[in-house]
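Chemist: Residue numbers (this note's numbering): 2 to 555. My questions all concern the structure below.
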């Protein structure tokens, strides 16, 4: 099935779910209205408040999923109001507040006849960086003009587009028009005497836009860190800034947001429920498949290669623990996350089931948002574990053995498809002198900066690894030698502009590199290609360093 056919199929099924949803929605809103009418201002019933809040909370999450975002937006402040009543454990409220609640719910029900479905299905698109594409846009919010300009130059060296703001008022105005890919914000603005963490909390466009933000501060202020945490800040850096480490953090943020969609296999004998789960996960940007014949589990897992299995506990022919036990017989699937999803509430039975090959237990009924959240968290953790095994802890790049494995795979694919690919060997010039002069900690910063600029400036499907020490390997699929030379030479130039700091001393470093391609080598192996690239790298060093050179025969 093509991507378009898959999208059409998903859209049709979600349309049917939406139809069923709209049939029951008027009755649900009427029930909410009647429930609110039972509340007494001078004697609030806690159970009624709880019931009303839970149902509105569910409505807030579900209406948007089923194509009614305006209903979600209208119900959200009502739900938040009820939540505040619960948190404050109010026994009574004013008649005016209660009347406002009833009017808001009534308006919510009345608006249903006026709203329209959003017919288009939203599937998150890849925001991958391309060498010839538009770079990620960074907003730098800093009232120190000189520092801001210096940071702008440094950040742009890593391939980002930077817009600098010197006041929070400028941010508040611009954020109504667009959102950046990331905001880098000073905590304290001396002239305005404002804390940016508190100001951003008052900007609805910022909160709703889910824009990643990193704060920087000259003082390690605990309260500012708390406010930053409340905003979901991705990082908090102290001045003077360690720019290479900051860039590494930014690359981590973008890579997580650009990573491949999670893949989930659903095994449940309730076909309609399984399909509902599947569509919800797909609408959340995942790839999901349903296995309706458990005896085919080995074949399906092997071909689909899921990152998580969502499995019912009780099924007619095979139980969840039995199927989990089958999977655990294969060494390659020992660490594959398996989550049981069942209406079983007996804790002892849940524990017993988990002792037979599962990693977690979720209880039905489960809300759509909880399902998405639970699946996402577990896949993220699984990916983190895999990264610890295959990736270098300092740089986040593939380890020596992993990059060689990827190179072999890509060379075979390239030769099979009669395409051209290039491998590059890069080396930091005079790196021993950096370690001897400034220490190994500073040397690690230089290594991390190379990794950051490689991860940022190369295409998403290019593969990068730390080969050892200060050496790096880059695999460029579907790329000829001329294009590869241009890409890496631009990268070399930008790296040479980065300023490293050791106490009050600033210094810069350069890169040398060698290139080798599969062009005119129909039978070459990955190891042989790497040797040719390494020879070319040594040739670049012999010719004065700070060069990117092709292999001699090319």
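All C-beta atoms in this analysis are idealised placements derived from N, C-alpha and C, irrespective of residue type, glycine included.
DSSP puts residue 290 in a beta bridge; with which residues?
Modeler: Looking up residue 290 in the chain shown gives position 289. 266, per the DSSP bridge assignment.
Chemist: Let me know the secondary structure DSSP gives residue 41 once reduced to three states.
Modeler: Position 40 of the chain shown, counted from the first residue, corresponds to residue 41. In the structure shown, residue 41 sits in coil (DSSP, three-state: anything other than H, G, I, E or B).
Chemist: Could you check if residue 545 is buried or exposed, using at least 16 other CB atoms within 10 Å of its CB as the buried criterion?
Modeler: For this step, residue 545 is matched to residue 544 along the chain shown. Classification for residue 545: exposed.
Chemist: In whole angstroms, what is the alpha-carbon distance linking residue 485 and residue 452?
Modeler: For the purposes of this step, residue 485 is taken as residue 484 along the chain shown, with counting starting at 1. For the purposes of this step, residue 452 is taken as residue 451 along the chain shown, with counting starting at 1. Residue 485 and residue 452: Cα-Cα distance of roughly 17 Å.
Chemist: What residue range does the alpha helix (DSSP H) around residue 322 cover?
Modeler: For this step, residue 322 is matched to residue 321 along the chain shown. Start and end: 321-328.
Chemist: Let's see if you can read the secondary structure: which residues bound the beta strand (DSSP E) around residue 463?
Modeler: On the chain shown, residue 463 is found 462 positions in, with the first residue counted as 1. No beta strand (DSSP E) holds residue 463; DSSP gives it neither H nor E.
Chemist: Under the DSSP definition of a beta bridge, which residues are partnered with residue 523?
Modeler: The residue you call residue 523 lines up with position 522 of the chain shown. For residue 523, which the question treats as bridged, DSSP gives no partner whatsoever.
Chemist: Considering only DSSP beta bridges, list what residue 503 is partnered with.
Modeler: Counting from 1 along the chain shown, the entry for residue 503 is found at position 502. According to DSSP, residue 503 bridges with 506.
Chemist: Mark residue 272 as exposed unless 16 or more other C-beta atoms lie within 10 angstroms of its C-beta, in which case mark it buried.
Modeler: Translated into the one-based positions of the chain shown, residue 272 becomes position 271. So residue 272 counts as exposed.
Chemist: Just the C-alpha distance for residue 188 and residue 525, rounded to the nearest angstrom, thanks.
Modeler: For the purposes of this step, residue 188 is identified with residue 187 of the chain shown, where counting begins at 1. For the purposes of this step, residue 525 is identified with residue 524 of the chain shown, where counting begins at 1. Taking the straight line joining both Cα atoms gives about 55 Å.
Chemist: Sort out for me which residues DSSP pairs residue 551 with in a bridge.
Modeler: Here residue 551 corresponds to residue number 550 of the chain shown, with the count starting at 1. DSSP lists 516 as partners of residue 551.
Chemist: Considering only residues of the same chain and omitting the five flanking positions on each side of residue 60, which have a CB-CB separation below 6 Å?
Modeler: Here residue 60 corresponds to residue number 59 of the chain shown, with the count starting at 1. So the qualifying residues of the chain are 76.
Chemist: Whole angstroms are fine: how far does the CA of residue 458 sit from the CA of residue 154?
Modeler: Stepping through the chain shown from its first residue, residue 154 is reached at position 153. Stepping through the chain shown from its first residue, residue 458 is reached at position 457. Taking the straight line from one Cα to the other gives about 16 Å.
Chemist: Cα-Cα, which of 493, 87, 239 and 115 is closest to residue 51?
Modeler: Along the chain shown, read from residue 1 onward, the residue named residue 51 stands at position 50. Out of 493, 87, 239 and 115, 87 has the C-alpha closest to the C-alpha of residue 51.
Chemist: The beta strand (DSSP E) that contains residue 242, what's its start and end?
Modeler: Sequence index remark: in the chain shown, residue 242 carries index 241 (1-based). Segment: none, residue 242 is in no beta strand (DSSP E) and carries neither H nor E.
Chemist: Measure the alpha-carbon distance for residue 536 versus residue 403 and round it to whole angstroms.
Modeler: Indexing the chain shown from 1 puts residue 536 at position 535. Indexing the chain shown from 1 puts residue 403 at position 402. Computed Cα separation, rounded: 21 Å.
Chemist: Look at the alpha carbon of residue 405 and the alpha carbon of residue 413, and state the distance between them as a whole number of angstroms.
Modeler: Here residue 405 is taken as the residue at index 404 of the chain shown, counted from 1. Here residue 413 is taken as the residue at index 412 of the chain shown, counted from 1. In a straight line, the C-alpha of residue 405 is about 12 Å away from that of residue 413.
Chemist: Runs of 4 residues minimum, wholly inside the segment 326-411: which ones carry the alpha helix (DSSP H) assignment?
Modeler: Correct list: 348-355 and 369-391.
Chemist: Can you tell which of 137, 372 and 356 has the C-alpha that lies nearest to the C-alpha of residue 282?
Modeler: By 1-based counting over the chain shown, the position of residue 282 is 281. Nearest of 137, 372 and 356 to residue 282, Cα basis: 372.
Chemist: Quick one: is residue 126 buried, meaning 16 or more other Cβ sit within 10 Å of its Cβ, or exposed?
Modeler: Position 125 of the chain shown, counting from 1, holds the residue named residue 126. Because residue 126 sits at a pLDDT of 35, beneath the cut-off of 50, its placement in the model cannot be relied upon, and the following sentence gives the value as read from the coordinates. Exposed, because fewer than 16 other Cβ atoms sit within 10 Å of the Cβ of residue 126.
Chemist: Is residue 230 helix, strand or coil when you go by DSSP?
Modeler: What you label residue 230 is simply residue 229 of the chain shown in a count that begins at 1. In the structure shown, residue 230 sits in a helix (DSSP, three-state: H, G or I).
Chemist: Just to check my reading of the structure: residue 530 and residue 424 have Cβ atoms closer than 8 Å, yes? What is that Cβ distance to the nearest angstrom?
Modeler: Here residue 530 corresponds to residue number 529 of the chain shown, with the count starting at 1. Here residue 424 corresponds to residue number 423 of the chain shown, with the count starting at 1. Their Cβ separation, rounded to whole angstroms, is 5 Å, which keeps residue 530 and residue 424 in contact under 8 Å.
Chemist: May I ask you to verify whether the segment 215-224 touches the segment 280-296, counting CB pairs closer than 8 Å and requiring at least 3?
Modeler: Flag = no, the segment 215-224 and the segment 280-296 do not touch.
Chemist: Beta carbon of residue 103, beta carbon of residue 29: below 9 Å?
Modeler: Taking the first residue of the chain shown as 1, we reach residue 103 at position 102. Taking the first residue of the chain shown as 1, we reach residue 29 at position 28. No, they are not a contact pair.
Chemist: Go to residue 472, then tell me how far its beta strand (DSSP E) extends in each direction, as first and last residue.
Modeler: The count along the chain shown starts at 1 and reaches residue 472 at position 471. Start and end: 472-477.
Chemist: Rounded to whole angstroms, how far is the Cβ of residue 401 from the Cβ of residue 468, which I believe are closer than 8 Å?
Modeler: Here residue 401 refers to the residue found at position 400 of the chain shown. Here residue 468 refers to the residue found at position 467 of the chain shown. Sure, about 6 Å apart at Cβ, within 8 Å.
Chemist: With a Cβ-Cβ cutoff of 9 Å, do residue 446 and residue 436 count as a contact?
Modeler: Position 445 of the chain shown, counting from 1, holds the residue named residue 446. Position 435 of the chain shown, counting from 1, holds the residue named residue 436. Against a cut-off of 9 Å, the Cβ pair of residue 436 and residue 446 comes out as no contact.
Chemist: Do you know offhand how far residue 418's Cα is from residue 518's?
Modeler: Indexing the chain shown from 1 puts residue 418 at position 417. Indexing the chain shown from 1 puts residue 518 at position 517. Taking the straight line from one Cα to the other gives about 15 Å.
Chemist: Give the DSSP bridge partners of residue 186, in chain order.
Modeler: As a working note, residue 186 is residue 185 in the chain shown. Per DSSP, 142 and 216.
Chemist: In the DSSP output, which residue or residues are listed as bridge partners for residue 164?
Modeler: Against the chain shown, residue 164 aligns to sequence position 163. Its beta-bridge partners are 140.
Chemist: Please report the residue range of the alpha helix (DSSP H) in which residue 437 lies.
Modeler: For the purposes of this step, residue 437 is taken as the residue at position 436 of the chain shown. That run of the alpha helix (DSSP H) goes 432-439.
Chemist: Going by CA-CA distance only, name the one from 527, 448 and 488 that's closest to residue 511.
Modeler: Taking the chain shown and counting its residues from 1, one reaches residue 511 at position 510. For the residues 527, 448 and 488, the minimum Cα distance to residue 511 belongs to 448.
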